[in-house]
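Below: the structure, in structure tokens.
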Amino acid sequence: MPVIALVGNKGGAGKTTLAVNLAVGLARQAGSAAILDTDPQGSSAQWRAISEDTALPEVISASDDPGSRVRSLGGEYDYIVVDCPPSVQAMQTRTILRFSDLALIPVQPSPFDLWASVHIEQAVQEARTHNPGLRALLVINQLEPRTTLSQLMRDALSEIDVPVAVTAIRRRAVYRASALEGRSVYAMGRRGAGAVEELDQLIEEITRQ
Ligand SMILES: Nc1ncnc2c1ncn2[C@@H]1O[C@H](COP(=O)(O)OP(=O)(O)O)[C@@H](O)[C@H]1O
Ligand SMILES: [Mg+2]
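Be aware that the sequence shown starts at 15, since it is given in our numbering, and climbs by one per residue.
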């Protein structure tokens, strides 16, 4: 039961968007996945609540007791995807990092957003004293369509001691549209095809090791 945590220091980075869509993609590939929503804002749980699609992964709200909830899920699911609050100092994030196999850190392709994630590197190091197997990976999210990363962004990325996923997630209207409908991009037909392709590539990348 690998645990994949979406963490970061900024709201709007894409933690919830990636948590729900990765959970759907992982469930399609592996058989089952659940979302543990540890953000007191409860966005993943709200997304699930407005959804009419009963085939979506279960969302378990756990902002009060994230440690005991993640432990108690034991062997129930093939993957647990954890949506965290927008702070690495938050109790929920610190607790979850101790129980995670992988910390996925979405960042928008702006040096300011990237510099805000420097503290995440420290939080990951701290968590590794209890959880030495913890891996961490930055994921560029909301990359402008048909563009590549600027040199400024590449320079900023190289200063951070966390590897960057080869797969970047592009800015696509379908991520927003699907969320508004309580769906994942996997349920959006042809409109979701580009998003599905990049998510499946990211899943391939993170489950390969
Ligand atoms: N790749 C993307 N393309 C377009 N919109 C996105 C993308 N990723 C996130 N968004 C939108 O950006 C906003 C913030 O994303 P969200 O996942 O809620 O961030 P967080 O959970 O980190 O605060 C949401 O409205 C979401 O629909
Ligand atoms: Mg969120």
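Glycine included, every Cβ here is placed at the ideal spot set by N, Cα and C.
beta-carbon residue i near ligand 2 non-hydrogen atom, thresh 8 Å
| i | result |
| --- | --- |
| Gln-122 | no |
| Gly-203 | no |
| Asp-127 | no |
| Pro-159 | no |
| Pro-71 | no |
| Pro-100 | yes |
Distance, residue j Cα to residue i Cα
| i | j | result |
| --- | --- | --- |
| Gly-50 | Val-84 | The amino acid occupying residue 50 in the given sequence is Leu; Gly does not appear at that position. For Leu-50 and Val-84, the distance between alpha carbons rounds to 8 Å. |
| Met-15 | Pro-159 | 34 Å |
| Ala-137 | Val-121 | 16 Å |
| Glu-211 | Ile-220 | 14 Å |
| Asp-92 | Val-132 | 31 Å |
| Glu-135 | Val-153 | 14 Å |
| Val-178 | Thr-109 | 23 Å |
| Asp-169 | Ile-119 | 18 Å |
| Ile-88 | Ala-44 | Correcting the residue type first, residue 88 is Gly in the shown sequence and not Ile. So the alpha carbons of these two residues sit roughly 16 Å apart. |
| Leu-148 | Ala-117 | 7 Å |
| Arg-112 | Ala-69 | 30 Å |
| Ser-57 | Thr-31 | 9 Å |
Burial state of residue i (16 or more Cβ within 10 Å)
| i | result |
| --- | --- |
| Pro-146 | exposed |
| Gly-206 | buried |
| Ser-82 | exposed |
| Gln-156 | buried |
| Ile-74 | buried |
| Ile-64 | exposed |
| Gln-106 | buried |
| Arg-62 | buried |
| Asp-78 | exposed |
Residue i and residue j closer than 9 Å at C-beta
| i | j | result |
| --- | --- | --- |
| Pro-71 | Thr-52 | no |
| Ala-8 | Asp-97 | For the chain, the structure presents residues 15 to 223; residue 8 sits outside this window and is missing. |
| Leu-36 | Leu-216 | yes |
| Val-176 | Asp-115 | no |
| Glu-66 | Gly-196 | yes |
| Arg-185 | Val-199 | no |
| Pro-100 | Lys-29 | yes |
| Asn-23 | Ala-193 | no |
Cβ-heavy atom distance, residue i to ligand 1, below 8 Å
| i | result |
| --- | --- |
| Leu-171 | no |
| Ser-57 | yes |
| Arg-185 | yes |
| Gln-60 | no |
| Tyr-189 | yes |
| Pro-54 | no |
6 Å CB neighbourhood of residue i in its chain, flanking five on each side removed
| i | result |
| --- | --- |
| Ile-183 | Asn-155 and Glu-212 |
Cβ-based neighbour list, residue i, same chain, cut-off 7 Å, excluding 5 preceding and 5 following
| i | result |
| --- | --- |
| Thr-181 | Glu-212, Gln-215, Leu-216 and Glu-219 |
| Gly-39 | Tyr-200, Leu-213, Asp-214 and Ile-217 |
Any non-hydrogen atom of ligand 3 within 8 Å of residue i CB
| i | result |
| --- | --- |
| Gly-81 | Inclusion of ligand 3 in the displayed structure is not the case, the ligand content consisting of ligand 1 and ligand 2 alone. |
Cutoff 8 Å; reference residue i; Cβ partners in own chain excluding five residues on either side
| i | result |
| --- | --- |
| Leu-163 | Pro-123, Ile-154, Leu-157, Leu-171 and Ala-182 |
| Ala-104 | Cys-98 |
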